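Right, one structure below, let's go through it.
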Amino acid sequence: MRLVKRQIPMRKKILIVGANGMLGSSLLRYFSSIGDYEVLGTTRSMVVAKQLEQKHNVKIIDNVDVIDFKRLETVVVEHKPNIVFNCVGIIKQLDAAKNNILSIEINSLLPHKLAQLCSAHSAKLIHFSTDCIFKGTKGNYVEDDESDAIDLYGKSKFLGEVEYNGHLTLRTSIIGHELGSNHSLVDWFLSQKKSVKGFTNAIFSGLPTCYMAEVIHKYVLPNNLAGLFHLSVEPISKYDLLNIIKIVYGVSTDIEPTNEFKIDRSLNSTLFRNKTNFVPESWDKLIEKMKDEYNKYF
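For the sequence shown, the residue numbers in the numbering used here are -1 to 296.
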């Protein structure tokens, strides 16, 4: 009797563009730990690339500045990823957000150039947009609501949304820990020694980055979503959110409630939930997941 060798299916390959950012690093940690995918990442810095390679046992391609699109094109052609996560963006907290040309180049043009590149090489692009495409005057925004942002950041991110050729844009918001900085809400709060203001009328419906990675793995990829979807959890005020972080992380910073600032950019993700059967976990559990990631990797 002749034995027939069973072919082991090849793992799909993921490329994370911007693997050292808050979202990119969480995706790198999660997908490299589960073993289902071959994971690659890009960074600009050689030092950061070496650190990530040693910590997560993955290949990080350094000297990749997305402004030099030819360099990024070479990476895609050479490594032939099946899935590309675009985790690069000019965020509004940085001075670079005031640079009109750079913001438009990175937030608006790059996603479409990446989509074209991915289409040419049979890869799927997953791009991340933001709730900041809305002013935040009404909340519970759905995908068909018209973008009404008046600042460069919101406008540039809206123009960068990709929803064609089988690619996917997840319109969402994130919290989490950054590598080597405290620009994020969580890192900023944990670094405060005195009391801080907690805005009771500032409503948030985003995800911890570690949970974003989990949701993509369990709900987005198996359903091969394409187009534009809102991804959100239950809306919460920034005051209540900071209080949960305070309890879970065991810090003593006083949080003073204030209603002096009102904004509600909460996203309605009914479409996503109906397509995937996604049911978000409670905020207590989400912050515990974020703390677990912090304890393990930071």
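Where a beta carbon is used, it is the ideal one built from N, C-alpha and C, also for glycine. Bear in mind the structure is a predicted one, so any value in this text is a computation, not a measurement.
{"Check": "Delimiting residues of the beta strand (DSSP E) encompassing A147", "Outcome": "Unbroken run through A147: none, as it is neither H nor E."}
{"Check": "Status (buried if at least 16 other CB within 10 Å, exposed otherwise) for K68", "Outcome": "exposed"}
{"Check": "As assigned by DSSP and simplified to three states, the class of H119", "Outcome": "coil"}
{"Check": "Option in I261, T198 and I214 with minimal Cα separation from I253", "Outcome": "T198"}
{"Check": "Between the CA atoms of K273 and E36 - distance to the nearest angstrom", "Outcome": "27 Å"}
{"Check": "Local Cβ density within 10 Å of H175, reported as buried at 16 or more and exposed below that", "Outcome": "buried"}
{"Check": "Strand pairing of E36, partner residues [DSSP]", "Outcome": "K11"}
{"Check": "6 Å CB neighbourhood of H125 in its chain, flanking five on each side removed", "Outcome": "N84, P109, V160 and T167"}
{"Check": "Exposed unless 16 or more other CB atoms sit within 10 angstroms - verdict on P220", "Outcome": "exposed"}
{"Check": "Candidates I12, A47, K11 and D262: closest to Y139 by CA position", "Outcome": "D262"}
{"Check": "Segment contact flag, the region 186 to 203 with the region 229 to 239, C-beta cutoff 8 Å, min 3 pairs", "Outcome": "yes"}
{"Check": "Burial state of K283 (16 or more Cβ within 10 Å)", "Outcome": "exposed"}
{"Check": "Beta-carbon contacts of V82 that lie in its chain and below 6 Å, excluding the five residues immediately before and after", "Outcome": "L13, C116, A121 and L123"}
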